[in-house]
Each structure stands twice: as C-alpha cells, then as structure tokens.
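Colleague: For what it's worth, this note's numbering labels the leading residue of the sequence shown as 15, then goes sequentially. Quick reminder that beta carbons are idealized off the backbone N, C-alpha and C, glycines included. Quick caveat, the model's predicted, so the values are computed rather than measured.
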Amino acid sequence: MTKETTPVRLSDYRAPDYAIDTVSLDFSLAPTATQVTAQLAMRPNTPGAPLVLDGDEVKLIAISINEEYIPSSAYEATPQQLTIKAPPREPFTLEIVTEINPKANTKLMGLYLSNGNYCTQCEAEGFRRITYFLDRPDVLAVYTTRIEASKAAAPVLLSNGNRIDGGDIPGTTRHFAVWHDPFPKPSYLFAAVAGDLGLVEDSFTTMSGREVALHIYCEHGKEARCAYAMDALKRSMRWDETAFGREYDLDIFMIVAVSDFNMGAMENKGLNVFNDKYVLADPDIATDADYAGIETVIAHEYFHNWTGDRITCRDWFQLCLKEGLTVFRDQEFSSDERSRGVKRIADVRTLLARQFPEDAGPLAHPVRPEVYSEINNFYTATVYDKGAEVIRMLKAILGEDGFRAGMDLYFERHDGQAVTIEDFLASFADATGKDLSQFKLWYSQAGTPEVTAEGRYDARRQTYSLSLKQSIPPTPGQQTKSPMHIPVRFGLVGPNGADLAFTSATGGGVEDDVIHLTEAAQTIVFEGVSAPPVPSLLRGFSAPVKIATGLSQTDQLFLLRTDADAFNRWRASQQIAIQTLIAETAAVRSGAQSKLDPAFVDALAEVAEDDSLEPAFRAQILQLPGEADIAREIGHDVDPAAIAGARKRLMAMVASRIGKRLAELAERTGNVGDYSPDAASAGRRALANAALALTVGQAAPEAIGRVVARFESADNMTDRLAALSILASNGFEERIAALETFQDRYRDDPLGLDKWLMLEAVVPLETTLDRVKALTTHPAFSLTNPNRIRALIGGFAGSNQTQFNRPDGAGYDFFADFVLDLDKRNPQTAARLLVSFRSWKALEAGRRALAEKALRRIAASDSLSSDTRDIVTRTLA
Ligand code: PHE
Ligand code: ZN
15 MTKETTPVRL
25 SDYRAPDYAI
35 DTVSLDFSLA
45 PTATQVTAQL
55 AMRPNTPGAP
65 LVLDGDEVKL
75 IAISINEEYI
85 PSSAYEATPQ
95 QLTIKAPPRE
105 PFTLEIVTEI
115 NPKANTKLMG
125 LYLSNGNYCT
135 QCEAEGFRRI
145 TYFLDRPDVL
155 AVYTTRIEAS
165 KAAAPVLLSN
175 GNRIDGGDIP
185 GTTRHFAVWH
195 DPFPKPSYLF
205 AAVAGDLGLV
215 EDSFTTMSGR
225 EVALHIYCEH
235 GKEARCAYAM
245 DALKRSMRWD
255 ETAFGREYDL
265 DIFMIVAVSD
275 FNMGAMENKG
285 LNVFNDKYVL
295 ADPDIATDAD
305 YAGIETVIAH
315 EYFHNWTGDR
325 ITCRDWFQLC
335 LKEGLTVFRD
345 QEFSSDERSR
355 GVKRIADVRT
365 LLARQFPEDA
375 GPLAHPVRPE
385 VYSEINNFYT
395 ATVYDKGAEV
405 IRMLKAILGE
415 DGFRAGMDLY
425 FERHDGQAVT
435 IEDFLASFAD
445 ATGKDLSQFK
455 LWYSQAGTPE
465 VTAEGRYDAR
475 RQTYSLSLKQ
485 SIPPTPGQQT
495 KSPMHIPVRF
505 GLVGPNGADL
515 AFTSATGGGV
525 EDDVIHLTEA
535 AQTIVFEGVS
545 APPVPSLLRG
555 FSAPVKIATG
565 LSQTDQLFLL
575 RTDADAFNRW
585 RASQQIAIQT
595 LIAETAAVRS
605 GAQSKLDPAF
615 VDALAEVAED
625 DSLEPAFRAQ
635 ILQLPGEADI
645 AREIGHDVDP
655 AAIAGARKRL
665 MAMVASRIGK
675 RLAELAERTG
685 NVGDYSPDAA
695 SAGRRALANA
705 ALALTVGQAA
715 PEAIGRVVAR
725 FESADNMTDR
735 LAALSILASN
745 GFEERIAALE
755 TFQDRYRDDP
765 LGLDKWLMLE
775 AVVPLETTLD
785 RVKALTTHPA
795 FSLTNPNRIR
805 ALIGGFAGSN
815 QTQFNRPDGA
825 GYDFFADFVL
835 DLDKRNPQTA
845 ARLLVSFRSW
855 KALEAGRRAL
865 AEKALRRIAA
875 SDSLSSDTRD
885 IVTRTLA
C-alpha cells in the first residue's frame with residue numbers, strides 16, 4: 015500500500031521539543047541482523063511534551079531511560095515512530111536498542127551493503143532507518159561511535175571525526191573502533207563504513223600549520239585510480255583557505271568510494287562517501303569530462319565542510335542554503351583551476367539543459383520550496399543549479415568585496431548553527447548596508463523570468479536608448495509574480511568590435527557594466543554614444559533568465575565574431591543555431607525544402623580555425639544544440655522526429671560545406687601526445703573531437719572511416735569514447751563492431767561498461783528499444799546498481815529523444831514498466847528516473863496522449879513509494 019504522506023509546509027516549522035546534546039552509538043555489525051545501541055542525552059525544550067522519534071523499518075529491541083527499562087505502556091513503537099508518552103522533565107539519558115538488516119536494504123538509505131562493505135547514507139531522512147531519532151537537521155549533537163565487526167570481513171572501521179580507540183575483542187574473531195566527532199552535527203551528516211577496503215594516504219598542512227591526514231578508501235586493486243581525486247582534494251583544501259579563509263578542522267579527512275550509491279556523493283562530517291564514478295580515474299577508464307567531474311564533486315563535498323556541516327540547514331526547505339552555495343563554490347573553484355570562460359559556458363549548458371525545463375514544466379518549484387511531500391525529490395536542478403545562480407547574482411550585485419564581507423559575517427555569526435535563508439541574506443545586508451528584500455524573490459518565485467530588450471540609436475543626439483521588460487510565467491501554485499532584481503551585465507559593441515564608451519546613463523539602474531533591472535519595464539538612455547551599437551546583454555549569463563534581444567542574424571554573427579565577452583560569443587552562436595533549427599524543424603514538419611543559411615556555417619568554421627582562441631572555447635562553439643535543446647526552445651507542440659530530421663539536415667550541410675576543413679582541424683589538433691588530464695590538453699582533444707563529430711553529416715564512407723580509425727587508434731578513454739559516440743549517436747552500422755570491441759575491452763570494469771550501456775541506449779534507431787530491453791538481462795546490467803540503471807535506462811529516456819518518444823508510445827510503456835518495477839526496490843532512483851517525463855506537456859498531441867497514458871498507469875499502481883507517488887502526481891497535475 016502507498017504510504018500516506020501529508021505534505022510538510024515551511025510555514026508549519028516549529029523548533030523541536032527536545033534537544034539531543036550527545037549521541038553515543040554502538041554498532042554490532044552483521045549482514046542481516048545488525049544491532050544498534052543509541053544512547054541519547056536528551057534535554058527538554060518543552061518539558062513534559064511527548065517525545066516523538068522518527069523511525070523507518072527499524073525493529074525495537076529494548077528501551078530504557080536513565081538506565082532503567084520502561085514499561086511498554088509508557089511508549090508506543092511502530093517501525094515508523096517511537097513515542098514516549100511522558101518523559102522526564104529534566105535532562106535524561108535515553109537508550110534505544112534496534113535491529114536492522116543491511117543486506118535487505120535495497121533503498122540504499124540508512125545502513126546497507128555495497129559489494130559486501132557496510133556503508134551508510136543518511137541525508138535526508140536515512141538516520142531513522144538506523145535508530146529512532148529526532149531525524150531533523152536542527153537537532154545538533156556531538157557523536158561518539160563504536161563499531162564492532164568481524165575482523166576478516168571488515169578490517170576497516172570508520173565513522174565521523176577522529177579515531178580515539180580500537181582493538182581486538184579478546185576471545186573472538188571480532189574487533190572494534192571508536193570515533194569521536196567534536197563538532198555538533200545533525201543526524202543526516204552521520205556516517206559509518208566497515209569493510210575490506212584499499213587505502214591511499216596523503217596529508218595536508220593547513221594555513222595555520224596543522225597536519226591533516228587524508229585517506230581515500232576504495233575497492234582493493236583500484237588504489238592507483240584514486241590519485242587524481244587525492245590531488246583534487248588537496249587543491250580544494252588550499253582553495254577554500256585562499257578564496258574564503260576556511261580551514262579544515264579535524265585531524266583526518268576521509269573519502270570512501272562505493273559502487274552502489276543513489277547520488278553523486280555525500281558530505282558526512284570528515285567521512286565523505288562517494289559514488290565511485292566520482293573518485294576513480296585513469297586515462298583508460300575516465301574521459302576528460304570524468305576528470306573534471308571528479309574535481310568538481312571532490313571540491314563540492316569538501317566545501318560542504320563549512321557550507322553545510324559547520325553551518326547547516328534549519329529544515330529541509332532551506333536545502334539551497336547549503337547546496338546552491340556549495341555548487342557556486344565548486345564552480346568558482348573549477349573556474350580558478352581551469353578556464354573561467356569555458357567553465358561558465360559548460361555550467362550554463364547544464365543549467366539550460368536541466369533547470370530550464372524543470373522550471374518550465376509541471377515540476378517547477380522555487381529555489382526554496384514552501385511545501386513538499388517527499389524531500390528526496392527536492393535535490394533538483396532548481397535547488398542546486400539555480401540556487402548557485404542566485405548566489406552568483408548576489409555577488410554581481412554586491413561586488414567582490416561586499417560578497418566576501420557578507421560571507422565572512424555569515425561564517426562568524428552562524429558557525430555551529432542550523433539556519434535559514436533569512437539568516438544568510440541578513441549577513442549580506444548587514445555587512446554591506448544593502449536592502450535585499452526584492453532580491454529575496456529569487457528564493458520564492460519559481461519560473462524562468464523572460465526579459466525582452468529593444469534598442470534605438472539616435473545618430474543626431476548620439477544617444478542609445480535601451481528598453482528592458484521582464485515577466486515571469488505562471489508556475490504550479492503561483493499564478494502572478496512581482497518583478498525581480500535582475501542584474502544584466504552588458505556592453506555596447508561598436509562597429510569595430512570594441513565596446514563603446516558612453517558619457518552617462520539615465521533612467522536608472524546602471525552601475526559600471528551592470529544594469530539593475532528591478533521594474534517590470536525600464537528604459538535606459540545612454541548619452542555620448544558615438545556610433546550605433548550592437549548591445550551585448552547578459553554577459554557571462556549574469557542572471558538565469560531567458561532573453562529575447564530581437565537582434566538580426568547579422569548582428570548575432572557580428573557578436574559571434576567580435577564580442578569581448580566569450581560567453582556571449584558562444585551564446586550568439588547557439589542563438590543562431592537554435593533559430594535556424596527551429597525554422598528547419600517547421601520546414602521538415604510541413605514537408606518543405608531546406609531553408610538553411612550557409613553564412614552561419616561559414617562563421618562556425620572561421621571561429622573553429624581561429625588559433626588565437628582557446629581550443630576548449632572553440633570546441634564549445636562547435637557543439638551544436640542537441641535535440642533536447644531545440645525541443646526546449648520550441649517549448650510546445652514538440653515533434654521529436656521533426657527536430658531530429660532538421661538537425662540531420664543541418665549536420666549534412668555542415669559536413670558538405672566545411673567537413674573537409676574540420677577534418678583537417680581534427681587531424682592537426684587531435685594528436686596531443688601522452689595523455690594528461692590538464693585543462694589545456696583536454697581542450698585540444700575536445701576541439702578535435704567536436705570537429706570530427708561535424709564531419710559525418712553526409713554519412714560519407716571516408717568520414718565514417720576516419721572516425722573508426724580514431725576509435726581504433728585512441729590511447730585514452732576520451733578519444734575512444736568520442737569516436738564511438740559519433741558512430742552510435744548517428745546510428746552508423748560501424749557502431750556494432752566498435753561497441754562490441756569496447757564492451758569486450760571493459761568486460762571487468764563496471765564504470766567502463768556504464769559508458770557502453772549508455773551508448774547502446776542512445777542509438778537513434780527503431781531497433782534500440784528492443785536492444786535496451788534485451789540489455790536489462792545482460793550480465794553487465796544490474797537492477798540493484800543505480801549507476802547501471804542511470805546509464806542504460808536514464809540514457810534511453812534522457813538522451814534518446816526519438817526512441818524514448820517513439821510515436822507508438824512503446825518507449826514510454828517500457829519505461830513505465832521499468833520504473834514500476836524499480837520502485838519496489840529503490841524508490842529514490844525510480845522517482846529520479848521518472849523525472850524524464852517532466853516535459854511531456856510540451857509534446858505534440860499524439861505523443862502527449864501516449865505519455866499521459868503511461869503516467870496514469872504508473873499513478874494507478876496502489877503500491878507506489880512516496881517518492882514515485884509524489885513525482886507522478888505533480889507531473890500529471
Ligand atoms: N548532499 C549531497 C551533495 O550535494 C547530495 C546527496 C543528497 C547525497 C541526498 C545523498 C543523498 O553533495
Ligand atoms: Zn551538495
């Protein structure tokens with residue numbers, strides 16, 4: 015039966031009736047029956063209030079207060095809750111003994127087994143699957159954890175903090191370790207790990223000269239693949255010191271890589287647990303993108319130590335307080351470590367691909383939601399990525415120094431606390447004297463604001479007037495909205511490509527190179543403008559909005575060639591490509607001739623060949639919008655087949671017009687020498703591979719042969735996968751043998767096989783659905799491993815536009831069956847997969863009806879998890 019869930023509302027927040035000052039945990043580990051003894055130092059905030067502790071699938075063995083067993087009439091226990099009716103009015107010790115079954119834990123929340131190793135995942139509400147507890151982030155306690163296990167099965171015993179004791183248990187085959195974490199923390203940051211793991215050790219000296227031991231634990235034999243993660247960790251630790259003045263605080267920092275993990279990684283205090291795909295890398299197994307991802311996630315989890323752990327969230331509505339801020343911090347770190355301009359383009363690509371569709375569909379919600387039925391479903395692109403954009407805007411509005419002053423005050427004021435967005439913003443307002451009340455709307459109003467711009471140049475008066483308007487579309491539960499504070503970074507580009515000066519700007523809101531758009535409509539008059547400018551607006555994507563500039567293709571081509579802002583050069587290229595592809599999609603649908611304009615294609619080649627530009631940037635320019643990008647921009651009555659057809663026509667034109675030049679470019683940039691994951695060599699590989707991808711649009715045997723040759727001669731995963739991906743994503747015959755070779759090569763390497771599964775799933779042919787179905791029973795696939803599921807099923811539903819959206823609905827049906835089945839085992843992963851339907855309402859009528867039917871079938875199941883129930887209900891609403 016579906017678990018009843020009453021929605022939780024931000025407005026209902028109440029401080030807890032009890033505080034828990036210390037927690038002493040004792041784990042006696044066994045695969046099917048682990049005993050947990052929890053001793054809690056309870057302190058009433060509301061003396062006499064019943065004590066209601068959360069539980070989830072836990073079995074109560076014993077309970078005592080102040081070392082005396084209490085009669086069963088004094089409490090009520092269900093697997094979901096433990097209520098002590100009349101607890102002492104003075105501080106007391108509560109001891110609870112529970113039994114749990116890690117082996118049966120397929121939800122991967124709480125204590126579970128991954129490849130025979132014990133590990134925990136407690137965010138958001140997993141701790142209650144270990145013991146009954148006040149499992150909420152505003153209950154902060156100091157933890158001491160004793161773990162006892164078989165010495166042979168689990169030589170490694172880890173928990174948060176510093177290790178204070180350990181040894182053999184005489185007369186047994188078991189041993190123990192005791193860990194103490196002096197920093198008060200909420201239960202969601204608790205972690206314990208036990209198993210037979212390999213170890214890589216290093217150390218770091220902090221800015222005040224303290225020596226910190228660094229340990230990365232992984233499967234035996236994979237130690238060498240941890241080197242890059244270790245390096246990224248040390249760079250992250252140094253960066254947080256220099257960029258934010260934040261020093262690490264324990265004697266040891268540990269990372270454990272596990273194979274079965276619902277998410278990317280988890281910032282448990284002093285003991286981060288990682289999905290192994292964000293730790294393990296070597297040139298044969300990881301692409302440049304994987305290396306960059308590892309760097310980012312390692313940094314992200316480490317940065318949480320201050321933004322998340324030392325200062326945490328009062329309640330789960332404040333999730334963006336830690337996540338948006340920490341994503342912003344990891345983005346800044348990677349920008350400093352790599353190319354800032356290219357990193358920005360990559361981050362905006364992610365935002366556009368993941369967050370914009372969310373904001374435009376039925377699952378739209380504010381960066382700080384006000385109601386949820388299942389918190390697991392709010393680890394979203396909106397909370398994370400739009401949340402980071404909000405911090406970025408805050409910095410744009412306050413300036414570098416104001417932002418840093420606000421951050422410093424935040425750390426100083428709230429260290430050791432569980433706080434809110436209001437507390438966060440107050441630190442910035444108080445540090446800078448700025449009024450952030452309008453800015454705060456970014457946290458409460460969902461939907462992507464739409465900005466339109468219209469400019470007029472008056473040659474006689476030498477004035478340029480720019481009218482900006484903003485509106486925010488309705489989203490679920492929010493019909494009308496107020497104007498927001500949108501920082502629009504800009505330049506007025508003159509005929510020679512340089513920014514024009516102006517003597518004054520009237521009409522309000524201009525500060526340096528930022529227009530502060532705060533009204534529904536604002537007109538700015540720039541005086542002393544010597545020539546007609548082309549406005550370059552939203553430079554660096556200074557706000558997460560859609561902007562219609564009304565610029566002609568000629569003006570956009572001009573910006574593509576000359577804009578001083580690299581981001582807007584890229585943006586111009588994307589804009590032109592998208593407009594072209596939208597028009598071409600309409601042509602395909604109406605059976606009309608191609609309308610493609612070669613001017614754009616020539617400009618692409620020109621930029622790609624410009625050796626004065628960074629290769630990584632040129633690679634970004636060459637990455638034409640994908641089918642999903644085009645669908646998103648079309649926004650309604652979407653026909654995925656027509657979009658694919660239009661894109662094919664463009665690819666054919668590109669290949670015929672500039673294919674030769676691009677093949678030469680690929681040849682001359684592609685041979686980088688011995689593999690190194692550094693940003694510069696990665697950029698050259700990216701350029702070569704992006705160029706190569708644009709040579710096959712006519713399916714010419716010579717072009718395909720070149721790709722096959724590249725696949726065969728590649729000496730690293732980046733080039734091997736790039737070539738294979740060209741063969742697979744175009745559905746070329748040659749993919750079959752190549753996929754076979756690839757699968758064979760990575761036979762014993764799950765992370766390699768994930769790449770194979772993914773590519774099998776994205777082949778844009780009618781046969782793919784059957785292939786994907788067949789692969790669900792392939793030995794390399796596993797119904798219990800989230801990475802395998804995301805690769806194959808996530809790849810199919812998320813990256814194969816034409817086959818997931820088959821006109822006969824068979825793609826939806828298969829997917830619905832899969833989600834229903836998975837939901838019984840791992841609801842969190844099932845619900846996340848189901849998000850692939852988030853844009854179903856934008857489809858053309860035929861597919862929309864079929865998608866709705868599949869969704870209704872899921873909704874009709876009476877045994878759905880609360881996770882999947884929540885997503886399907888909101889998606890259909
Ligand atoms: N808090 C983790 C992060 O952002 C993500 C996560 C959430 C992991 C929930 C597991 C469960 O780094
Ligand atoms: Zn995070």
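1) Pull the bridge partners of Trp193 from the DSSP assignment, please.
2) For Gly413, would you say it is in contact with chain D, using Cβ-to-Cβ distances shorter than 9 Å as the test?
3) For Ser173, which residues from the same chain have a beta carbon less than 7 Å from its beta carbon, with the 5 sequence-adjacent residues on both sides left out?
4) May I ask which residues mark the beginning and end of the alpha helix (DSSP H) holding Asn582?
5) Let me check you understand the geometry: is the CB of Gly322 closer than 8 Å to at least one non-hydrogen atom of the ligand ZN?
6) Exposed or buried, which one is Tyr689 when buried takes at least 16 other CB atoms within 10 Å?
7) Could you tell me which whole alpha helix (DSSP H) segments of length 4 or greater appear in the stretch 294-347?
8) Can you find the residues in the same chain that come closer than 6 Å, C-beta to C-beta, to Ala794, ignoring five residues on each side of it along the sequence?
9) According to DSSP, is Gly209 part of a helix, a strand, or is it coil?
10) Three or more C-beta pairs closer than 8 Å, one from the stretch 29-38 and one from the stretch 87-94: is that the case here?
11) Measure how close the beta-carbons of Arg661 and Ile644 come, nearest whole angstrom, since I'm counting them as under 8 Å.
12) In three-state DSSP terms, what is Cys133?
13) Using only the alpha-carbon positions, how far apart do Gly416 and Phe442 sit?
14) Are there 16 or more other CB atoms within 10 angstroms of the CB of Lys291, so buried, or fewer, so exposed?
15) Kindly give me the distance between the Cβ atoms of Ala868 and Asp827, rounded to whole angstroms, as I take these residues to be in contact under 8 Å.
16) Restricting to runs no shorter than 4 residues, where is the alpha helix (DSSP H) found entirely within the stretch 367-411?
17) Can you tell me which of the three DSSP states Ser250 falls into?
18) Please confirm if the stretch 687-705 is in contact with the stretch 340-353, defined as three or more CB-CB distances below 8 Å between the two stretches.
19) Are there any heavy atoms of the ligand ZN lying less than 8 Å away from the beta-carbon of His428, as far as the coordinates show?
20) Please go through the same chain and pick out, in chain order, the residues whose beta-carbon is closer than 8 Å to the beta-carbon of Leu797, but skip the five residues on each side of it.
21) Flag this pair as yes or no: are the beta carbons of Ala378 and Thr364 separated by less than 9 Å?
22) Cutting at 7 Å between CB atoms, please list the residues of its own chain near Ala300, excluding the five before and the five after it.
23) With Leu757 as the anchor, note down where its alpha helix (DSSP H) starts and where it stops.
24) Keeping to the same chain, check which residues put their C-beta closer than 7 Å to that of Leu43; ignore five residues upstream and five downstream.
25) Identify every run of the alpha helix (DSSP H) within the stretch 635-716, keeping only runs that are complete inside it and at least 4 residues long; order them along the chain.
26) Along the chain, where does the alpha helix (DSSP H) containing Ser3 start, and where does it finish?
27) Of all the options Phe453, Pro383, Arg188, which has the alpha carbon lying nearest to the alpha carbon of Lys409?
28) With a threshold of 8 Å (Cβ to nearest heavy atom), would Asn819 be considered close to the ligand PHE?
29) Three or more C-beta pairs under 8 Å: does that hold for the stretch 220-240 against the stretch 188-202?
30) Go ahead and label Asp784 buried or exposed: buried means 16 or more other beta carbons lie within 10 angstroms of its beta carbon, across all protein chains shown.
31) Can you tell me whether Val849 is buried or exposed? The criterion is at least 16 other CB atoms within 10 Å of its CB, across all chains shown.
32) Among Phe392, Ile435, Pro549, Pro198, whose alpha-carbon lies nearest the alpha-carbon of Asp35?
33) Mind reading off the beta-carbon distance from Gly697 to Ala630? Whole number of angstroms is fine, and I expect it under 8 Å.
34) Should Asn582 go down as buried or exposed, given a rule of 16 or more other Cβ atoms within 10 Å for buried?
35) Assign Ser121 to buried or exposed, taking buried as 16 or more other Cβ atoms, counted over all protein chains shown, within 10 Å of its Cβ.
36) Sorry if obvious, but does the Cβ on Lys400 come closer than 8 Å to a heavy atom of the ligand ZN?
Modeller: By the coordinates alone:
1) Along the sequence shown, read from residue 1 onward, the residue named residue 193 stands at position 179. DSSP output for Trp193 lists Thr159, Arg177 as bridge partner(s).
2) Of the chains in the structure shown, none is chain D; there is only one protein chain.
3) Taking the first residue of the sequence shown as 1, we reach residue 173 at position 159. Taking C-beta separations shorter than 7 Å and ignoring five residues to either side along the sequence, the partners of Ser173 in its chain run Thr159, Ile161, Trp193, Ala205, Ala206, Leu285, following chain order.
4) Against the sequence shown, residue 582 aligns to sequence position 568. 580-603 is the extent of the alpha helix (DSSP H) around Asn582.
5) Numbered from 1 along the sequence shown, position 308 holds the residue referred to as residue 322. Correct: Gly322 has its Cβ closer than 8 Å to the ligand ZN.
6) As a first step, residue 689 must be located in the sequence shown, where it is residue number 675. When all chains shown are included, Tyr689 counts as buried.
7) 302-317
8) Taking the first residue of the sequence shown as position 1, residue 794 is located at position 780. So the qualifying residues of the chain are Leu767.
9) The residue given as residue 209 occupies position 195 in the sequence shown. Residue state, collapsed to three classes: strand.
10) no
11) The sequence position of residue 661 within the sequence shown is 647, counting from 1. The sequence position of residue 644 within the sequence shown is 630, counting from 1. Yes, Arg661 and Ile644 are in contact; Cβ-Cβ is about 7 Å, under 8 Å.
12) Here residue 133 is taken as the residue at index 119 of the sequence shown, counted from 1. Correct three-state label for Cys133: strand.
13) In the sequence shown, the residue the question calls residue 416 occupies position 402. In the sequence shown, the residue the question calls residue 442 occupies position 428. Going from the Cα of Gly416 to the Cα of Phe442 covers about 8 Å.
14) The count along the sequence shown starts at 1 and reaches residue 291 at position 277. It counts as buried.
15) Locating residue 868 in the sequence shown gives position 854, counting from the first residue. Locating residue 827 in the sequence shown gives position 813, counting from the first residue. Yes, Ala868 and Asp827 are in contact; Cβ-Cβ is about 6 Å, under 8 Å.
16) 370-374
17) For the purposes of this step, residue 250 is taken as residue 236 along the sequence shown, with counting starting at 1. In the structure shown, Ser250 falls within a helical segment according to DSSP collapsed to helix, strand and coil.
18) yes
19) Position 414 of the sequence shown, counted from the first residue, corresponds to residue 428. Incorrect: His428 has no Cβ contact closer than 8 Å to the ligand ZN.
20) Residue numbering aside, residue 797 sits at position 783 when the sequence shown is read from its first letter. Cβ within range, chain order: Thr790, Ile803, Asp835, Leu836, Arg839.
21) On the sequence shown, residue 378 is found 364 positions in, with the first residue counted as 1. On the sequence shown, residue 364 is found 350 positions in, with the first residue counted as 1. Result no, Cβ atoms of Ala378 and Thr364 do not sit closer than 9 Å.
22) Within the sequence shown, residue 300 is the residue found at index 286, counting from 1. Hits under 7 Å: Met731.
23) Reading the sequence shown from its first residue, position 743 is the one you call residue 757. Note that residue 757 corresponds to Gln in the displayed sequence, not to Leu. From DSSP, the alpha helix (DSSP H) with Gln757 extends over 749-759.
24) Residue mapping note: residue 43 aligns to position 29 of the sequence shown, counting from 1. Answer for Leu43: Tyr132, Ile161, Glu162, Ala163, Ala168, Ala208, listed in chain order.
25) Runs of the alpha helix (DSSP H) lying entirely within the stretch 635-716 and spanning at least 4 residues, in chain order: 641-648, 654-684, 693-707.
26) Residue 3 lies beyond the range of the chain shown here (15 to 891); nothing can be said about it.
27) Residue mapping note: residue 409 aligns to position 395 of the sequence shown, counting from 1. The candidate whose alpha carbon is nearest that of Lys409 is Phe453.
28) As a first step, residue 819 is located in the sequence shown; it is residue number 805 there, counting from the start. Checking the Cβ of Asn819 against the ligand PHE gives no.
29) no
30) The count along the sequence shown starts at 1 and reaches residue 784 at position 770. That one is exposed.
31) What you label residue 849 is simply residue 835 of the sequence shown in a count that begins at 1. Flag for Val849 reads buried.
32) Position 21 of the sequence shown holds residue 35. Checked all of Phe392, Ile435, Pro549, Pro198; the closest Cα to Asp35 is Pro198.
33) Numbered from its first residue, the sequence shown carries residue 697 at position 683. Numbered from its first residue, the sequence shown carries residue 630 at position 616. Contact holds; Cβ gap of about 3 Å.
34) Along the sequence shown, one-based indexing puts residue 582 at 568. The residue is buried, with at least 16 neighbouring Cβ atoms inside 10 Å.
35) Residue mapping note: residue 121 aligns to position 107 of the sequence shown, counting from 1. Before going further, note that residue 121 is Lys rather than Ser in the sequence given. Classification for Lys121: buried.
36) Taking the first residue of the sequence shown as position 1, residue 400 is located at position 386. Relative to the non-hydrogen atoms of the ligand ZN, the Cβ of Lys400 never comes closer than 8 Å to any of them.
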